[in-house]
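Trainee: Numbering (the numbering used here), first residue to last: 822 to 1703. Idealized CB from N, CA, C, for every residue including glycine. What you are looking at is a predicted structure, and each value in this text was computed from that prediction instead of being measured. Quick one: the structure is below, questions incoming.
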């Protein structure tokens, strides 16, 4: 993200006096540049010039030699005879451990109240037998470098600058008192990765005068023409991406006789550091500075290590390159390379074009002759290379967003001028300029388009004014529409809609009225959406915590103990997932919910009760297809193929319960979650939607004697029910005609799964197929009946049935037999043992009967009882227990 020091910005645009970083942020936000953060000044408080009056060496008790100094700090001096340590001269007493200065030197003094980098506050304190009333500072203490051995002697460090009088403020002189604004740049505004671009936007926002430094005659007095002596460049791009050449502009310049020991000027170092870069060497710093200032990435080569010509080409199979970060990289045939010719044209690789240079031919401490490169590369080619090799360099960030193809010659001349001025070199007259930049195409633009898309009426004159303000060339065609040629630094302007966006942006988003769209009658949440929200609300009200996890998994299938041939392992794998270590989409909500529960348990949570409602991806039945082109609208056949290639994504709800189920031990008896809690949550979710469900053990088949739909044949492999314990998991289903539809599985997790995820033993889970549950809802609205005020009648019935018949099935038959008079039925006793016989059990139900319009007679209650027994005998083969 670009860093914007106001003092640097003021080189290109008139910044009002007193403008601070907050004011700059407010101005830039108006034109769409978002404030990221404001970095405070490195130093706050009094930092002043001091003249050393006396320096007396003293040896402390620990053997260390220190200096007791009297320092003249101008208006901050103590008067003669006053202060913490009275002196005959107006001055302050300061202890200093450095020895690289003498009396009479001008030094940097931080006075009490100053705060140095790292939050180091300066205060008067007694040390080595004296009161030290301030501090004489080194470069490292001020964040100006790594030199900590000696303090800064101003007239030595800045011999070419006039040093202020003692007591004068040094914050501005040293560049330490300035706030820096960090801004966010959207991908279409790559030109704002430079002071040139930000200054232009500040001018658009405030109307301040802007002088484009990218024009000849502004920063550089003259740009020489290319000549035959220039260091030659050949372009051999046999495989352009999307038909666009990898490079269409390449400028080379030479500077000879640079002093290898020439330091980077302090002002440039300060600006680089303010932008988040460190100083490396003069040649490298100059190229970085020009990039930050103008927006043109550059590269400097050791001329003595190159062999003409430079060849720009695509990589060949098997080629490798060691880049400046000392990483050996395998190259791809799409990678654009910078090469030279030791044994033949293009045979030696010296860099990844637009991304990073190679270790060979880099500028070293002994380099005296430098070749400068300034080029314009294709944005798509650079973006793919940077992502392929994971090298998001400062250069690639700019190239992939689009740089100005008319800027390389100016930027190269600016770098030449700086190297000549500060490096003592001489500009070689050799100039090479490969220029194959295509002429920009005009956009036919009717000014009424702005009003149509924005809803604000703009006059034709105002539209032309704004477009010319951003640098467009505007002419009026024969039809009356404008023919607009975008500026070279705005490759994002390719159609009328982009021009409309610029008009809205520069005229002011605040001038666009807020108009709420009319809501058509009958709209709102669908029945399925309402049902999903009901289930989520129910679980939250029951005390479960809703979580939201990314749907990506890595080793969750193994930790859940899924068999190698499990259908759940047939998952969608993404080429570019949000997490590289988890490229697979979940096929069950529990795939990610168990990981969330694991993190909570690992962080000390003794009560985990969480749920998640979301989508899973089931690729079964999908048909693969290629990528669609964005150049035209897809045909119906292509859309149908796309739908067939999209995996099914049903809605599921997952629940995980681990550890303590009870609340306060004072209020209720402590207990842990168990399987019945998981099953009960599933029943509650079904109940809130008005769906009657049945529950059975997952491995139980329906007995042959059962007249009605049979359960599916049971699985014989317990691993098929992973991650649950095969003996402690329930299958919840609904009957739809003669078919059974599974709604959920709920119960205890397998002990191995609990260990794998770090959960307490006998933790529980449930997963509900929400789409299936909603599909089982009654189509008609629920009718509410009035509450009857007539008394209840009670009947108890004990039925002897086959032990394999689920209780829920028996209860269903009891309800059918009791008919409309039944208000409530509950199981109160189960008996298996002597007196009943093998393979059967007794189930005792309590029936509560009530009529809405009368008091039931004993005869009517007895008739209900008789009906229930007959129904159970007919359907289940049950008998009344005697």
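So, are the CB atoms of residue 1567 and residue 1512 less than 7 Å apart?
Mentor: Cβ distance not < 7 Å, so residue 1567 and residue 1512 don't count as in contact.
Trainee: Below 8 Å, can you find three or more Cβ-Cβ pairs linking the segment 1392 to 1399 to the segment 1420 to 1431?
Mentor: Touching, no, given that fewer than three Cβ pairs across the two stretches are closer than 8 Å.
Trainee: Measure the alpha-carbon distance for residue 1623 versus residue 1563 and round it to whole angstroms.
Mentor: Their backbone Cα atoms lie some 23 Å apart in a straight line.
Trainee: So residue 1364 and residue 1411 are in contact, right, with Cβ under 8 Å, and what is the actual spacing, rounded?
Mentor: That belief does not hold up - the Cβ atoms of residue 1364 and residue 1411 are roughly 20 Å apart, past 8 Å.
Trainee: Tell me where the beta strand (DSSP E) around residue 885 begins and ends.
Mentor: Note, residue 885: premise wrong, no beta strand (DSSP E); not H, not E.
Trainee: Starting from the C-beta of residue 1284, find all residues in its chain whose C-beta is less than 7 Å away, skip the five residues before and the five after it, and write them out in chain order.
Mentor: Around residue 1284: 1268, 1271 and 1324.
Trainee: Rounded to whole angstroms, what's the CA-CA distance from residue 1193 to residue 823? Just pull it up for me.
Mentor: Approximately 24 Å between the Cα atoms of the pair.
Trainee: Check residue 1498 in the structure and name its three-state DSSP category.
Mentor: Of the three classes helix, strand and coil, the one that applies to residue 1498 here is helix, per DSSP.
Trainee: Which class does residue 1536 belong to by DSSP, given the choice of helix, strand or coil?
Mentor: Residue placement at residue 1536 cannot be trusted, given a pLDDT of 45 that sits under 50; what the coordinates show is reported in the next sentence. Of the three classes helix, strand and coil, the one that applies to residue 1536 here is coil, per DSSP.
Trainee: Please specify which runs of the alpha helix (DSSP H), each continuous and at least 4 residues long, are wholly inside the segment 1566 to 1601, giving them in chain order.
Mentor: Within the segment 1566 to 1601, the complete alpha helix (DSSP H) runs of at least 4 residues are 1572 to 1578 and 1591 to 1596.
Trainee: Say whether the segment 1066 to 1082 touches the segment 1117 to 1133, bearing in mind that this needs 3 or more beta-carbon pairs closer than 8 Å, one atom from each stretch.
Mentor: Cβ pair count under 8 Å is three or more, so yes.
Trainee: Compute the Euclidean distance between the alpha carbons of residue 831 and residue 1096, then round it to the nearest angstrom.
Mentor: If you take the alpha carbons of residue 831 and residue 1096, they lie about 15 Å apart.
Trainee: Would you identify the three-state DSSP class for residue 796, choosing helix, strand or coil?
Mentor: In the structure as shown, the chain begins at 822 and stops at 1703. Residue 796 is therefore absent and cannot be evaluated.
Trainee: Rounding to the nearest angstrom, what Cα-Cα distance links residue 1438 and residue 1471 in this structure?
Mentor: Each residue's alpha carbon lies about 7 Å from the other.
Trainee: For residue 1147 and residue 1180, I'd like the C-alpha separation in whole angstroms.
Mentor: Their Cα atoms are separated by approximately 7 Å.
Trainee: Counting along the chain, where does the beta strand (DSSP E) carrying residue 829 start and finish?
Mentor: From DSSP, residue 829 is part of no beta strand (DSSP E) but of the alpha helix (DSSP H) over 827 to 830.
Trainee: May I have the straight-line CA-CA distance separating residue 1049 from residue 1251, to the nearest angstrom?
Mentor: Approximately 7 Å, taken between the alpha carbons.
Trainee: To which residues of the same chain is residue 1565 closer than 7 Å at the C-beta, ignoring the five residues directly before and after it?
Mentor: 1503, 1553, 1587, 1588, 1589 and 1590, listed in sequence order.
Trainee: Just list the residues that DSSP pairs residue 1431 with in beta bridges.
Mentor: According to DSSP, which records beta bridges pairwise, residue 1431 is partnered with 1366 and 1477.
Trainee: Taking the straight line between their C-alpha atoms, what separation do you get for residue 1646 and residue 1465?
Mentor: Distance between the alpha carbons of residue 1646 and residue 1465: 48 Å.
Trainee: By the 10 Å Cβ neighbour count, where 16 or more other Cβ atoms means buried, how is residue 1369 classified, buried or exposed?
Mentor: Result: exposed.
Trainee: Hey, residue 1468 and residue 1440: beta-carbon distance below 7 Å or not?
Mentor: Cβ distance < 7 Å, so residue 1468 and residue 1440 count as in contact.
Trainee: Quick check on residue 1711: does DSSP put it in helix, strand or coil?
Mentor: Since the displayed the chain opens at 822 and closes at 1703, residue 1711 lies outside it and no answer follows.
Trainee: Measure how close the beta-carbons of residue 1670 and residue 1651 come, nearest whole angstrom, since I'm counting them as under 8 Å.
Mentor: Incorrect: roughly 23 Å between the Cβ atoms, too far for contact.
Trainee: Would you say residue 782 and residue 1025 are within 7 Å of each other, going by their C-beta atoms?
Mentor: This structure cannot speak to residue 782, because the chain is shown only from 822 to 1703.
Trainee: Please list the terminal residues of the continuous beta strand (DSSP E) segment that includes residue 1197.
Mentor: From DSSP, the beta strand (DSSP E) with residue 1197 extends over 1191 to 1198.
Trainee: Grab the span of the alpha helix (DSSP H) containing residue 1027 for me, first residue to last.
Mentor: First-last of the alpha helix (DSSP H) with residue 1027: 1016 to 1027.
Trainee: Would you decide whether residue 929 is buried or exposed? Buried here means 16 or more other CB atoms lie within 10 Å of its CB.
Mentor: It counts as buried.
Trainee: Return the CA-CA distance between residue 1375 and residue 1556, expressed in angstroms with no decimal places.
Mentor: Cα to Cα, residue 1375 sits roughly 36 Å from residue 1556.
Trainee: If you draw a straight line from the C-alpha of residue 1681 to the C-alpha of residue 1515, how long is it?
Mentor: Straight-line Cα distance between these residues: approximately 29 Å.
Trainee: Spatial neighbours of residue 1276 within its chain, please: CB distance less than 8 Å, with the 5 preceding and 5 following residues excluded, ordered by chain position.
Mentor: 1333, 1334 and 1336, listed in sequence order.
Trainee: For residue 1177, does the three-state DSSP call read helix, strand or coil?
Mentor: Residue state, collapsed to three classes: strand.
Trainee: What is the DSSP secondary structure of residue 1108, reduced to helix, strand or coil?
Mentor: Of the three classes helix, strand and coil, the one that applies to residue 1108 here is helix, per DSSP.
Trainee: Would residue 1122 be called buried (16 or more neighbouring beta carbons within 10 Å of its own) or exposed?
Mentor: Residue 1122 is buried by the Cβ-count criterion.
Trainee: Among the candidates 932, 857, 891 and 1027, whose CA atom is the shortest distance from the CA of residue 1719?
Mentor: What is shown of the chain runs 822 to 1703, which leaves residue 1719 out entirely.
Trainee: Tell me whether residue 1662 is buried or exposed, calling it buried when 16 or more other Cβ atoms sit within 10 Å of its Cβ.
Mentor: Answer is buried; the Cβ neighbour count reaches 16.
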